[in-house]
Structure formats: structure tokens, C-alpha cells
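Below is one structure; the comments refer to it alone.
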Amino acid sequence: MTTKTPWLLAVERAVKAIPKGQTASYSRVALMAGKPGAARAVVRALHSLKDIPWWRVHRSDGTLAPQVAVQQAKKLKAEGVVVEGRRVKPKK
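Residues are numbered in the working numbering as their position in the sequence shown, beginning at 1, plus a constant of 1366.
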């Protein structure tokens, strides 16, 4: 088993803090984890972490990750998030 680095632990906490039915951008998660501007590092961290609600995290423009968009949209819709095409529709 690989030991989680402080960065991975911070990302894990940030993603787990996103409530069911809500989403956050990679850049927002980076900010929540204490490293503003580290959106790409969040993407890499999500690939390493297990048992977290990864589907609640998307690009800053609301689009879903192309590689997992279908699965991500299905999980988000199950939580009541409105997804149009491959984009999360912001709440008004």
C-alpha cells in the first residue's frame, strides 16, 4: 500500500467535503487543498485516490472529463446535478 502524501490527503479531504448534489472545479479543489493554481495536480491526485467522490469535480468551464464523461454524468445525475451534454449546468 502506498502512503498518502500530505498533498494527496489535502485533496482527499477537499473532495470529500463537496456535498452530495454539488460540484467543484479542479481549481476550486486546489484552493480548498491549500494550493491555489494547482488544478492539474488535482487531476493527477484524483487518479491516485480511491473511495472518494471524484465525479463531483470538473473543469472550470463545467465540462466533464472526456475519458469518464458518461460515467461521471450518470453519477452526478443520480445525485440531482443537472448535466446538459457533457457540461454541469450551474445552479441559479
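Beta carbons: idealized from backbone N, C-alpha and C, even for Gly.
So, using beta-carbon positions, are residue i and residue j closer together than 8 Å?
{"i": "Pro1456", "j": "Gly1428", "result": "yes"}
{"i": "Val1381", "j": "Ile1418", "result": "yes"}
{"i": "Gly1387", "j": "Glu1445", "result": "yes"}
{"i": "Ala1439", "j": "Arg1452", "result": "yes"}
Measuring alpha carbon to alpha carbon, tell me which residue in the options is nearest residue i.
{"i": "Arg1422", "options": "Val1454, Ser1414, Trp1373 and His1413", "result": "Val1454"}
DSSP beta-bridge partners for residue i?
{"i": "Gly1429", "result": "Correcting the residue identity first, residue 1429 is Thr in this sequence and not Gly. Answer is Arg1453."}
{"i": "His1413", "result": "His1413 pairs with nothing; no bridge assigned."}
Residue i by DSSP, collapsed to three states: which one?
{"i": "Ala1390", "result": "strand"}
{"i": "Val1423", "result": "strand"}
{"i": "Pro1385", "result": "coil"}
{"i": "Ala1404", "result": "coil"}
{"i": "Glu1445", "result": "coil"}
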